[in-house]
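K.L.:
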Amino acid sequence: MPPGPLGLPWIGNRSQVPSFKPWIKFAEWNKEYGPVSSIMLGSTPTIILGKAQHAWDLLEKRSEIYSSRPRFVMASEILSEDRRGLMLPNSSDLWKQWRKMLHNGFHVRKAPVYHTIQSLESKVLLKQIMDDPKNFDGYMKRYAASVVTSVTYGRRVESVEEWVVKENMASMDCESALPTLPGKFLVESWPWLLNLPRSLQWFRKDPEERKKQDEHFLLYLLNDVRARSKNGTCHDCLTSQALANREEGKVVMTDLQLAYSVSSPFGAGIETTAGTLSVFTLAMLIFPEVLKKAQEEVDRVVGSERMPEFHDKDQLPYVTALINETLRWRPIPVLGGTAHASTADDEYQGKFIPKGSSVYANMYGIMRDEELFPSPDDFQPERFLPETKTTHPRINLKEFDLPFGFGRRICPGMHLALNSLFINVSRLLWAFDIKPVKDKDGKDIIPDSHAFTNRFNSRPLPFDCQFIVQNDRVRNMIEAEWENVRSQLDSWN
Ligand code: HEM
42 MPPGPLGLPW IGNRSQVPSF KPWIKFAEWN KEYGPVSSIM LGSTPTIILG KAQHAWDLLE
102 KRSEIYSSRP RFVMASEILS EDRRGLMLPN SSDLWKQWRK MLHNGFHVRK APVYHTIQSL
162 ESKVLLKQIM DDPKNFDGYM KRYAASVVTS VTYGRRVESV EEWVVKENMA SMDCESALPT
222 LPGKFLVESW PWLLNLPRSL QWFRKDPEER KKQDEHFLLY LLNDVRARSK NGTCHDCLTS
282 QALANREEGK VVMTDLQLAY SVSSPFGAGI ETTAGTLSVF TLAMLIFPEV LKKAQEEVDR
342 VVGSERMPEF HDKDQLPYVT ALINETLRWR PIPVLGGTAH ASTADDEYQG KFIPKGSSVY
402 ANMYGIMRDE ELFPSPDDFQ PERFLPETKT THPRINLKEF DLPFGFGRRI CPGMHLALNS
462 LFINVSRLLW AFDIKPVKDK DGKDIIPDSH AFTNRFNSRP LPFDCQFIVQ NDRVRNMIEA
522 EWENVRSQLD SWN
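Position 490 of the sequence shown, counting from 1, maps to 531 under the numbering used here, and the rest follow consecutively.
Have a look at this one:
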């Protein structure tokens, strides 16, 4: 097997994987043992990839054997009775139907269907940040949550405190729903614990409680869309599409399977999108010269008579490069999302990779690979511009899909996410100067660029920042658009 740190009998390297930011340890092991290294988590061989090329070689070029998922006893089997597609092996029929459902809902030509709601919600975001800049981070989260509920259930949310968001977040936050912090649950390394009498399986209690609640509210949401679709008041959305497809016999799922399937954008699409907007803000505080360059481009192309629109994208290459660099500089899904798993014995560069290995494309390390991204801690949108001599043909403006994963498991919400990032980043640049707050001596307080949460989706810890409206013309336009938007949003409420 690929080299790695020596483990102990039975537990392997389990005790060496820290519970605090294991992705940093993974990157260190990749430096020490090579970009393809291995450890044992209990009895599961685990491969850690530290360079994009190896992830492309295995997870993409050999996707027929690297597209499954490890067994998730807690998060999948107990918590949802294997109804969450994200954790299902790719051999399962339910996974194939789920994946097709998401692809049909969000592929590159379908994603523009959601431009309307993304644009409306981004105008709400501008107004909220203008009125209450201190809470910018909460408003970014609200934006992401509202777009997710709109594209999923055809209904927006005014606040993240609304029931639908809170329940979904509680479900995702339920400890056992965070599937991939490696070595977290004993039962994952030692599934024989499932043979204990049920009353002794202490780990079941919380997730089984949660499952009951999940079933109740996911079915409620499904039935709500069913009712609104019948009376013609529901916007085109993932759930209405799935129900129509089932009616036509194209989808064969029970109500519960369908209800869980359509809910996946909640876990996968809110923290990732909102966290990336937060990283953008952080980067603008630390690299003001990038902010200035991007604002010059927006000013040149859009001016102050109107705000940026989706059709401006091709004329804003520096803004697009800035978004790519945001996704690279501090990727939110630090471990590359949920681990892949291999379904056949394999050999790669002379090393043996056994069937059933978990494979982490450690995004934290991959995005800091100095060969691909020289000076990785610097924020350099220029890496993606055509005039820069690229280190790899896939590091460019249009094809940079590395932040979204690999092969048959690549993020199905990628186009929706990129559209959200473009419309918000370009409008925030157009509307505001983004500046650090000052201390009592008038000095800038620059936040720590490494202060991130210790979560599966690792996002910046709270930091302060000023959003200063560019000028009165911009202020008036944000106010006027807000008046306009309110009546248009009625049909989404
Ligand atoms: C900036 C925002 C986002 C980033 C950086 C991101 C990144 C990722 C990554 C790295 C993966 C793992 C891919 C792999 O296993 O190789 C993933 C999976 C996934 N993403 Fe996203 N994502 C984002 C937004 C979204 C949105 C908005 C949605 C839904 C509308 C979404 C839905 C999903 C789903 C359902 C999966 C699981 C796919 C599977 O298991 O087959 N993501 N994403």
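Ideal placement from N, C-alpha and C gives every residue a C-beta, glycine not left out.
DSSP state of Q507, grouped into three classes?
P.N.:
Residue state, collapsed to three classes: strand.
K.L.:
From E524 to M455, what does the alpha carbon distance come to, in whole angstroms?
P.N.:
Answer to the nearest angstrom: the Cα atoms are 31 Å apart.
K.L.:
Who are H381's beta bridge partners in DSSP?
P.N.:
Answer is V400.
K.L.:
Taking just the CA atoms, how far does S499 sit from L547?
P.N.:
The shown model of the chain, from 42 to 534, leaves out residue 547, and the question about it has no answer.
K.L.:
Is T367 helix, strand or coil when you go by DSSP?
P.N.:
T367 falls in the helix class under three-state DSSP.
K.L.:
Can you tell me the Cβ-Cβ gap for N465 and H156, rounded? I've got them flagged as a contact below 8 Å.
P.N.:
Contact flag wrong, Cβ pair sits at about 13 Å.
K.L.:
With a CB to CB cut of under 7 Å and the five nearest residues on each side skipped, what residues in its chain are close to I106?
P.N.:
Here the set comprises S383, T384, A385, D387.
K.L.:
Counting C-beta neighbours from all protein chains within 10 Å, is the total for I519 16 or more, i.e. buried, or is it exposed?
P.N.:
That one is buried.
K.L.:
Going by DSSP, which residues form a beta bridge with T87?
P.N.:
Beta-bridge pairing links T87 to I80, S399.
K.L.:
Quick check: does the Cβ of S416 come within less than 7 Å of any heavy atom belonging to the ligand COA?
P.N.:
Annotation note on the ligand COA: not contained in the displayed structure, which lists the ligand HEM as its ligands.
K.L.:
Check for me: the alpha helix (DSSP H) holding K253 runs from which residue to which?
P.N.:
Where K253 is concerned, the enclosing alpha helix (DSSP H) stretches over 246-271.
K.L.:
Beta strand (DSSP E) containing E388: first to last residue?
P.N.:
E388 -> beta strand (DSSP E) spans 387-389.
K.L.:
Would you call A186 buried or exposed, if buried means 16 or more other Cβ atoms sit within 10 Å of its Cβ?
P.N.:
A186 comes out buried.
K.L.:
Who are the near neighbours of P174 in its chain, counting only those whose CB is closer than 6 Å to its CB and skipping five residues on each side?
P.N.:
Hits under 6 Å: F508.
K.L.:
Does the Cβ-Cβ distance between G53 and I88 come in under 8 Å?
P.N.:
Contact: no.
K.L.:
Using 8 Å for Cβ pairs, my map puts A458 next to V515. What's the rounded Cβ distance?
P.N.:
The pair is not a contact, with the Cβ atoms about 26 Å apart (cut-off 8 Å).
K.L.:
State yes or no: is the C-beta of R537 nearer than 7 Å to some heavy atom of the ligand HEM?
P.N.:
Nothing can be reported for residue 537, as the shown portion of the chain is limited to 42 through 534.
K.L.:
Give me the residue from E522, P501, V266, N512 with the minimum Cα distance to K182.
P.N.:
That would be P501, whose Cα lies nearest to the Cα of K182.
K.L.:
Just to confirm before moving on: does the CB-CB distance between V342 and L357 stay below 8 Å?
P.N.:
Cβ atoms of V342 and L357: closer than 8 Å.
K.L.:
Rank K141, C278, R150, M42 by C-alpha distance to the C-alpha of V188 and give the top, closest one.
P.N.:
Ranking K141, C278, R150, M42 by Cα distance to V188 puts C278 first.
K.L.:
Compare the C-alpha of K354 against each of R468, S78, H95 and name the closest.
P.N.:
Comparing Cα-Cα distances from K354 to each of R468, S78, H95, the minimum goes to R468.
K.L.:
Which residues in the same chain have their Cβ closer than 7 Å to the Cβ of W70, if we skip the five residues on either side of it in sequence?
P.N.:
Once the five neighbours on either side are set aside, the close Cβ partners of W70 are G45, P46, S78, I89.
K.L.:
Give the secondary structure of K481 by DSSP, where H, G and I count as helix, E and B as strand, and everything else as coil.
P.N.:
Coil.
K.L.:
May I ask whether a heavy atom of the ligand HEM can be found less than 7 Å away from the beta carbon of G126?
P.N.:
Checking the Cβ of G126 against the ligand HEM gives yes.
K.L.:
Straight-line CA distance for S117 to C215?
P.N.:
Each residue's Cα considered, the two are about 12 Å apart.
K.L.:
Between P488, S84, P76, which has its C-alpha nearest H95's C-alpha?
P.N.:
Considering only alpha carbons, the answer is P76.
K.L.:
I436 by DSSP, collapsed to three states: which one?
P.N.:
Reduced to three states, the DSSP call for I436 is coil.
K.L.:
Roughly how many whole angstroms lie between the Cα atoms of P238 and R245?
P.N.:
So the alpha carbons of these two residues sit roughly 12 Å apart.
K.L.:
Is C452 a contact residue of the ligand HEM, with contact defined as CB to any heavy atom under 7 Å?
P.N.:
Indeed, a heavy atom of the ligand HEM lies less than 7 Å from the Cβ.
K.L.:
Run through DSSP, which three-state label would K151 get?
P.N.:
Three-state result, K151: coil.
K.L.:
Which residues does DSSP pair with I119 in a beta bridge?
P.N.:
None; I119 has no bridge partner.
K.L.:
Helix or strand or just coil, what does DSSP make of L49?
P.N.:
Strand at L49.
K.L.:
In terms of residues, what are the limits of the alpha helix (DSSP H) holding F307?
P.N.:
Counting along the chain, the alpha helix (DSSP H) containing F307 begins and ends at 305-327.
K.L.:
So, P372 versus M408, is the Cβ gap smaller than 8 Å?
P.N.:
Yes, they are a contact pair.
K.L.:
Tell me the residue span of the beta strand (DSSP E) that contains F463.
P.N.:
It is not in any beta strand (DSSP E) - F463 instead sits in the alpha helix (DSSP H) that spans 455-472.
K.L.:
Tell me the DSSP bridge mates of K392?
P.N.:
Partner(s): Y389.
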